[in-house]
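Quick notes on the structure that follows.
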Amino acid sequence: MGSIPALSILRGEVYPFSSPPLLLHRLLEQTVGLSGQKEALTFHSKTLSLKTLDAAASRLARALLQHVHSAHRQANQDGDFLVAVCMDPSDQLVVTLLAVWKIGAAYLPLDPSFPPARVSHILSEAEPMLVIADKDDEELFGSFRNIVQYEQLHQQAANLSPEPVPESQMLSGGNTSLALVLYTSGSTGIPKGVRLPHQVVLNRLQWQWREFPYGPEEHTCVFKTALTFVDSVAELWGPLLQGRKVLVVPRDVTKDPERLLHVLEEQKVQRLVLVPSLLRSLLLVLRFETPDKGLLSHLKTWVCSGEPLPTQLAHDFFAHFNSGDHVLCNFYGSTEVMGDVTYHVVRSAAEIKDNDKVPIGRPLHNTAIYLLDENQHPVVSGEVGELYVSGLNLTQGYVRGRDPERFVPNPLTVDPEHSRLYRTGDFARLVKGSLMYEGRTDSQVKVRGHRVDLSEVEQAVAAVPGVEKSVVLCYKPGEIEQVTHHMSLNVHREVGHTDSETHSCCRCCWHM
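Rendered as structure tokens:
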């Protein structure tokens with residue numbers, strides 16, 4: 012009798028959780044009690060200690076509560092208390108996010124560069140209690156009127172108590188376990204919001220703290236990722252909740268690889284999370300524009316996330332960092348599972364010399380991965396199947412319960428912590444105990460780490476007056492990914508490039 016074939020199911024290590032789970036801002040308050048004088052946050056020349064940061068957030072939270080109560084704001088249709096935040100990277104942004112948590116609400120990031128039509132959809136669907144902004148932009152917020160300027164809140168908070176808001180004064184009568192909502196590209200052409208609770212975020216952070224602990228000489232980490240991108244969550248709160256100083260990088264520096272490189276060198280940063288396209292840009296700067304071969308030698312841990320990591324790029328990395336003490340990590344996941352659910356660590360080019368792709372590896376703790384066929388049966392190891400996820404990193408689904416077919420009951424276990432499956436839409440196969448990414452089941456692609464559904468761009472182009480049909484393609488010359496659109500026009504109406512670009516930009520984000 013032949014042996015039973017191995018099935019493509021992987022389970023991460025089980026790590027117990029406290030009950031009830033700790034809220035993230037309470038964890039920060041505990042850290043303040045232990046080491047409140049430690050430096051927490053730097054932006055330009057301004058540095059805040061943990062104690063000062065926490066006190067500023069508590070004051071702002073009290074002012075925020077006054078606004079919420081005076082406007083008689085309630086939870087949205089999902090029972091969530093949301094506060095939209097539309098601010099550029101700064102120390103004030105971090106204070107604001109903490110203040111939102113301290114009143115029992117969740118933050119909903121809005122990028123100031125978002126098109127007005129996208130902002131209008133998000134505000135209409137998510138129903139935040141108010142928007143906190145650092146600029147007065149009537150065009151961006153459209154008909155939404157409950158907008159509070161940060162400076163106004165800051166002035167009102169000046170004379171309020173720096174003590175944390177008591178539980179009795181926090182928002183109640185709704186879902187207070189939610190930490191944030193992030194909007195992603197949707198297959199219907201409409202962005203959809205993902206609801207991330209505190210427990211899911213904390214599960215991801217605790218795995219990071221165990222698997223990649225901060226070293227004794229690791230004093231400064233950088234926060235450079237757009238707040239609307241899921242990688243920002245671990246990048247900001249991972250070090251901050253462990254009492255490590257976070258350097259907030261201005262937006263213009265983040266967009267300039269050469270300036271970013273010099274910030275990383277000056278601050279002796281030892282770890283960095285980035286999309287492969289930014290890694291490629293930094294390697295080009297190191298290779299062609301900086302004569303000093305020792306630059307970034309202290310940056311030992313490089314984490315690629317957000318899009319597939321090309322094998323050639325990994326070889327280029329080790330061609331430059333060849334001392335043997337640098338690692339390149341490949342993280343895989345999506346917003347619906349708090350960013351990352353599998354990981355693989357590459358320590359040398361020799362490990363991948365025979366590979367046509369870099370593995371996405373094995374699951375994080377409290378996570379299970381299933382490769383299933385069209386009938387939701389596990390495929391045999393080595394075969395391609397659709398990747399499903401269960402465990403503590405599954406979020407609470409989408410705003411207003413959209414796309415329920417993405418979160419389905421798990422027929423493969425009776426474990427209550429794995430009772431739901433998230434259907435990723437990705438294909439993968441299991442090879443020698445490690446997962447290999449094999450593409451998408453739909454029209455989603457990753458552009459500079461951001462999820463883009465080609466149908467969303469297609470619908471935006473098709474909505475241009477005078478356009479009868481549109482087709483959007485993802486073109487990949489070499490390793491540079493580009494999204495292009497092609498139109499058929501109404502012969503009775505003239506449509507120029509400016510018309511299509513302007514109309515499409517009103518609905519699509521800059522990374523598209």
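Going from the sequence shown to this note's numbering is simple: count from 1 and add 11.
Glycine residues also receive a C-beta, built at the ideal position from the N, C-alpha and C atoms.
Computed from a prediction, not measured in an experiment: that's the story for all the values here.
Determine the contact status of residue i and residue j, defining contact as a CB-CB distance below 8 Å.
i: valine 106; j: valine 96; result: no
i: valine 79; j: isoleucine 133; result: no
i: arginine 73; j: alanine 144; result: no
i: alanine 137; j: leucine 189; result: no
i: threonine 322; j: cysteine 340; result: no
i: serine 445; j: arginine 358; result: no
i: glutamate 347; j: tyrosine 433; result: yes
i: glycine 412; j: valine 442; result: no
i: valine 314; j: arginine 282; result: yes
i: leucine 382; j: leucine 398; result: yes
i: valine 257; j: leucine 247; result: yes
i: aspartate 99; j: leucine 52; result: no
i: aspartate 437; j: arginine 417; result: no
i: leucine 310; j: leucine 252; result: no
i: aspartate 351; j: serine 316; result: yes
i: proline 147; j: glutamine 160; result: With the sequence shown as reference, residue 147 is identified as aspartate, and proline is not the correct amino acid for it. Contact: yes.
i: leucine 151; j: proline 127; result: yes
i: serine 60; j: glycine 44; result: no
i: threonine 42; j: glycine 254; result: yes
i: glutamate 269; j: valine 296; result: yes
i: glutamate 428; j: alanine 439; result: no
i: leucine 320; j: valine 369; result: yes
Reducing DSSP to helix, strand and coil, say where residue i ends up.
i: tyrosine 161; result: helix
i: glutamate 40; result: helix
i: threonine 265; result: helix
i: arginine 215; result: helix
i: glycine 450; result: strand
i: serine 445; result: strand
i: arginine 411; result: helix
i: leucine 93; result: strand
i: aspartate 437; result: strand
i: leucine 272; result: helix
i: threonine 231; result: strand
Quick check: the Cα distance between residue i and residue j, rounded to an integer number of angstroms?
i: alanine 360; j: glutamate 40; result: 43 Å
i: valine 260; j: valine 130; result: 24 Å
i: isoleucine 20; j: glycine 226; result: 33 Å
i: valine 192; j: glycine 204; result: 6 Å
i: leucine 238; j: alanine 245; result: 11 Å
i: histidine 376; j: glutamine 163; result: 43 Å
i: glycine 233; j: asparagine 366; result: According to the sequence displayed, residue 233 carries valine and not glycine. Their backbone Cα atoms lie some 32 Å apart in a straight line.
i: tyrosine 354; j: leucine 405; result: 16 Å
i: serine 124; j: valine 391; result: 46 Å
i: glutamine 88; j: glycine 184; result: 13 Å
i: serine 29; j: serine 243; result: 25 Å
i: aspartate 91; j: glycine 335; result: 48 Å
i: glutamine 278; j: histidine 326; result: 26 Å
i: threonine 187; j: arginine 206; result: 12 Å
i: proline 202; j: aspartate 303; result: 44 Å
i: serine 154; j: leucine 289; result: 37 Å
i: glutamate 228; j: alanine 330; result: 26 Å
i: threonine 378; j: glycine 344; result: 12 Å
i: proline 173; j: histidine 230; result: 26 Å
i: lysine 49; j: proline 422; result: 48 Å
i: glutamine 210; j: leucine 306; result: 38 Å
i: threonine 301; j: asparagine 157; result: 49 Å
i: arginine 262; j: valine 425; result: 46 Å
i: histidine 388; j: threonine 63; result: 53 Å
i: arginine 462; j: threonine 195; result: Because the pLDDT of arginine 462 is 45, which lies under 50, any placement of that residue in the model is unreliable, and the number read from its coordinates should be weighed accordingly. Taking the straight line from one Cα to the other gives about 7 Å.
Over what stretch of residues does the alpha helix (DSSP H) that includes residue i continue unbroken?
i: threonine 107; result: 102-113
i: alanine 245; result: 242-251
For the beta strand (DSSP E) that contains residue i, what are its first and last residues?
i: leucine 193; result: 189-195
i: lysine 57; result: 57-60
i: serine 19; result: Unbroken run through serine 19: none, as it is neither H nor E.
i: proline 420; result: 418-420
i: arginine 298; result: Where arginine 298 is concerned, there is no enclosing beta strand (DSSP E), although the alpha helix (DSSP H) it sits in stretches over 287-299.
i: alanine 51; result: 50-54
i: arginine 84; result: Run containing arginine 84: none; DSSP gives neither H nor E here.
i: leucine 207; result: 203-208
i: phenylalanine 28; result: Phenylalanine 28 -> no beta strand (DSSP E), and no H or E assigned at all.
i: lysine 304; result: Segment: none, lysine 304 is in no beta strand (DSSP E) and carries neither H nor E.
i: lysine 256; result: 256-259
i: tyrosine 399; result: 395-402
Nearest chain C C-beta to residue i closer than 8 Å, yes or no?
i: proline 224; result: Annotation note: the requested chain C is absent from the structure, which comprises a single protein chain.
*Fully enclosed by the segment 329-393, which alpha helix (DSSP H) runs are 4 residues long or longer?*
If we require 4 residues or more, the segment 329-393 turns out to have no alpha helix (DSSP H) run fully inside it.
Could you pull out every unbroken alpha helix (DSSP H) segment of at least 4 residues lying fully inside the segment 118-191, listed in chain order?
Those alpha helix (DSSP H) runs which fall completely within the segment 118-191 and span 4+ residues are 127-137, 149-152, 161-168.
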